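Notes for the one structure printed next.
In the numbering used here, the protein residues as written are 8 to 323.
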């Protein structure tokens with residue numbers, strides 16, 4: 008799809024599963040190239056406690072790592088493990104040469120300070136992109152590890168919209184994990200960006216001005232057709248479990264049934280952004296390996312998702 012389609016009615020579905028499969032194929036090729044140089048990326052996943060959803064996420068991440076040839080290392084700690092035990096493990100992994108990426112699965116038990124643990128990870132191994140050094144570097148346009156979900160959203164947008172320059176993008180939600188880095192990446196792609204949140208006035212009217220809408224607010228079906236400009240491209244990050252007609256189901260932050268009649272393209276839930284998050288985690292693990300070897304992140308990759316501004320572009 009070149010440009011933002013105005014074809015109505017009925018949106019084109021943005022297939023996150025197919026896009027993730029393509030990213031994983033690219034990562035696999037890059038891993039093979041690294042292995043030819045006697046380098047095999049390694050990803051360490053730390054799971055504390057028995058949260059069922061976290062166990063599913065960790066299992067899926069380990070499976071994807073194995074599929075693309077990344078060495079995976081699982082560390083499972085009891086729910087009553089002390090904060091110091093978790094910090095000690097992180098420090099051990101920081102020093103481990105075979106580990107290029109460290110992921111501490113969230114949420115952590117309530118007695119452990121998540122921020123303290125995340126800040127303890129070596130920024131060069133922070134494949135979630137949550138360390139303050141990576142957050143700050145991203146805002147400055149430096150080559151750093153970028154949060155996986157926003158990076159996945161950008162890949163979907165570039166694949167389906169081409170050049171985003173000059174488009175008006177609205178991000179609904181301002182979380183540190185999705186909303187804020189998403190806005191930063193869109194600015195780097197030369198969009199005009201509006202961030203909506205719980206204190207925004209006339210949020211629906213502001214959203215209706217957008218060529219691109221990224222919904223990441225955590226409220227099921229909050230954004231309906233009346234929030235969208237005809238022909239908008241909609242990226243729905245929300246994953247909300249609801250009870251409907253006596254059944255449990257997953258829905259997004261966008262009311263898909265109404266939005267699909269107005270939007271030019273839209274991600275479904277499930278099957279949209281979700282698969283991209285794990286795919287970009289694998290991409291980040293390769294990027295981390297390159298950074299640790301003193302190589303540029305695009306040394307192997309054919310895809311530049313969030314290029315740093317070139318000279319003369321930083322202030323405009």
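Cβ atoms here follow ideal geometry from the backbone N, Cα and C, with glycine treated the same way.
Owing to the predicted nature of the structure, the values given are computational and were not obtained by experimental measurement.
Could you check if residue 37 is buried or exposed, using at least 16 other CB atoms within 10 Å of its CB as the buried criterion?
Sequence index remark: in the chain shown, residue 37 carries index 30 (1-based). Burial call: buried.
In this structure, how does DSSP classify residue 257 when only helix, strand and coil are distinguished?
Numbered from its first residue, the chain shown carries residue 257 at position 250. Reduced to three states, the DSSP call for residue 257 is strand.
If you check the beta carbons only, do residue 219 and residue 164 fall under 9 Å apart?
Taking the first residue of the chain shown as 1, we reach residue 219 at position 212. Taking the first residue of the chain shown as 1, we reach residue 164 at position 157. Yes, they are a contact pair.
If you draw a straight line from the C-alpha of residue 282 to the C-alpha of residue 55, how long is it?
Locating residue 282 in the chain shown gives position 275, counting from the first residue. Locating residue 55 in the chain shown gives position 48, counting from the first residue. Their Cα atoms are separated by approximately 23 Å.
In the DSSP assignment, find the unbroken alpha helix (DSSP H) run with residue 35 in it and report its ends.
As a working note, residue 35 is residue 28 in the chain shown. From DSSP, the alpha helix (DSSP H) with residue 35 extends over 23-43.
Here's the rule: buried if 16 or more other CB atoms are within 10 angstroms of the residue's CB, otherwise exposed. What is residue 60?
Counting from one through the chain shown, the residue named residue 60 turns up at place 53. That one is exposed.
Could you please give the first and the last residue of the uninterrupted beta strand (DSSP E) stretch that includes residue 243?
Counting from one through the chain shown, the residue named residue 243 turns up at place 236. From DSSP, the beta strand (DSSP E) with residue 243 extends over 240-243.
Distance, Cα to Cα, residue 21 vs residue 27?
As a first step, residue 21 is located in the chain shown; it is residue number 14 there, counting from the start. As a first step, residue 27 is located in the chain shown; it is residue number 20 there, counting from the start. In a straight line, the C-alpha of residue 21 is about 11 Å away from that of residue 27.
Buried or exposed by the 16-neighbour rule on C-beta atoms within 10 Å, applied to residue 209:
Here residue 209 refers to the residue found at position 202 when the chain shown is read from its first residue. Exposed is the call here.
Among 244, 117 and 102, nearest to residue 90 - alpha-carbon criterion
One-based indexing of the chain shown puts residue 90 at position 83. Ranking 244, 117 and 102 by Cα distance to residue 90 puts 117 first.
Three-state secondary structure assigned by DSSP to residue 83:
Along the chain shown, one-based indexing puts residue 83 at 76. Three-state result, residue 83: strand.
Are residue 74 and residue 19 touching if we call contact CB-CB under 9 Å?
Locating residue 74 in the chain shown gives position 67, counting from the first residue. Locating residue 19 in the chain shown gives position 12, counting from the first residue. Cβ distance not < 9 Å, so residue 74 and residue 19 don't count as in contact.
Assign residue 162 to one of three DSSP states: helix, strand, or coil.
Stepping through the chain shown from its first residue, residue 162 is reached at position 155. In this structure, residue 162 counts as helix in the three-state DSSP scheme.
On the criterion of 16 or more Cβ atoms from any shown chain inside 10 Å, does residue 23 qualify as buried, or is it exposed?
In the chain shown, counting from the first residue as 1, residue 23 sits at position 16. Counting Cβ neighbours within 10 Å, residue 23 comes out buried, since at least 16 surround it.
In angstroms, rounded to a whole number, what distance separates the CA positions of residue 112 and residue 124?
Within the chain shown, numbered from 1, the residue matching residue 112 stands at position 105. Within the chain shown, numbered from 1, the residue matching residue 124 stands at position 117. In a straight line, the C-alpha of residue 112 is about 11 Å away from that of residue 124.
Confirm, please, whether the CB-CB distance from residue 225 to residue 247 is below 9 Å.
The residue you call residue 247 lines up with position 240 of the chain shown. The residue you call residue 225 lines up with position 218 of the chain shown. Yes, the Cβ-Cβ distance between residue 247 and residue 225 is below 9 Å.
Under 9 Å, do residue 294 and residue 85 count as touching if we go by C-beta distance?
By 1-based counting over the chain shown, the position of residue 294 is 287. By 1-based counting over the chain shown, the position of residue 85 is 78. For residue 294 and residue 85, no; Cβs fall outside 9 Å.
Quick one: residues in its chain with C-beta nearer than 6 Å to the C-beta of residue 83, no 5 flanking neighbours on either side, listed in chain order?
One-based indexing of the chain shown puts residue 83 at position 76. For residue 83, where only same-chain residues beyond five positions count, the Cβ hits under 6 Å are 54.
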